[in-house]
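Numbering (my numbering), first residue to last: 12 to 235.
Idealized CB from N, CA, C, for every residue including glycine.
Spelled out as structure tokens, the structure:
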């Protein structure tokens with residue numbers, strides 16, 4: 012995959028590249044090495060997309076973390092949970108906690124392929140909480156480009172939607188530097204994924220020898 016667009020909130024780009032260039036290179040590398048076609052694993056049941064094979068947000072998240080975990084951004088799950096990784100977490104007691112997708116050397120990372128509201132929550136609330144707890148001093152938010160969203164389940168929001176908040180909310184003195192990265196497909200991935208989708212619609216049997224579809228029971232998205 013590749014970075015399609017970026018947005019620097021409260022000087023996030025300069026802060027990250029100046030103070031945390033190594034961490035930024037690790038994030039760039041994880042995005043670059045992700046083959047999006049491996050994430051064509053979800054058969055749509057939606058009326059408007061029924062019969063189509065879509066990119067899985069869960070798989071994209073896991074592939075990125077598979078690379079980043081080797082650099083210390085997160086850990087492998089050890090308690091038998093369905094999730095493959097145990098994200099950095101702060102517990103407040105009585106079952107209350109907040110967690111991030113990754114933290115390394117005071118850089119907080121969120122990979123958000125969920126609804127629009129969760130993007131804003133990551134940047135305007137969660138990252139500030141982790142900054143106040145002394146875990147991070149800046150953040151990186153990875154989101155989908157509008158082009159990629161069209162090939163995912165309904166409900167996934169895009170970089171362009173998030174820009175509305177930035178343009179009309181402005182900055183607050185409690186905000187922290189955040190660099191937002193919009194990711195999408197390379198030209199090679201566009202060609203390969205289109206070929207696979209067309210094959211799935213015309214010759215399902217052959218397509219299933221090339222695609223690794225899996226069952227999705229769904230989960231309730233929300234802040235964590």
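- Within the stretch 183-222, the runs of beta strand (DSSP E) at least 3 residues long that lie entirely inside it are, in chain order, 189-195.
- Between the C-alpha atoms of residue 128 and residue 182 there is a straight-line separation of about 18 angstroms.
- Residue pairing from DSSP places residue 18 in a beta bridge opposite 191.
- Only residues of its own chain outside the window of five on either side were considered, and among them 121, 123 and 152 have a CB closer than 7 angstroms to the CB of residue 133, listed in chain order.
- With a contact defined as Cβ atoms closer than 8 angstroms, residue 95 and residue 88 qualify at about 6 angstroms.
- At the C-beta level, residue 162 and residue 45 stay beyond 8 angstroms of one another.
- When DSSP reads this structure, residue 54 sits in a beta bridge with 64.
- Residue ranges of uninterrupted beta strand (DSSP E) with 3 or more members, entirely inside the stretch 98-126 and ordered along the chain, are 100-104, 107-110, 113-115 and 118-122.
- Looking only at 215, 222 and 191, the smallest Cα-Cα distance to residue 28 is reached by 191.
- Here residue 76 is buried. Its C-beta has 16 or more other C-beta atoms within 10 Å.
- In the structure shown, residue 86 falls within a strand segment according to DSSP collapsed to helix, strand and coil.
- According to DSSP, residue pairing for residue 30 in a beta bridge does not occur.
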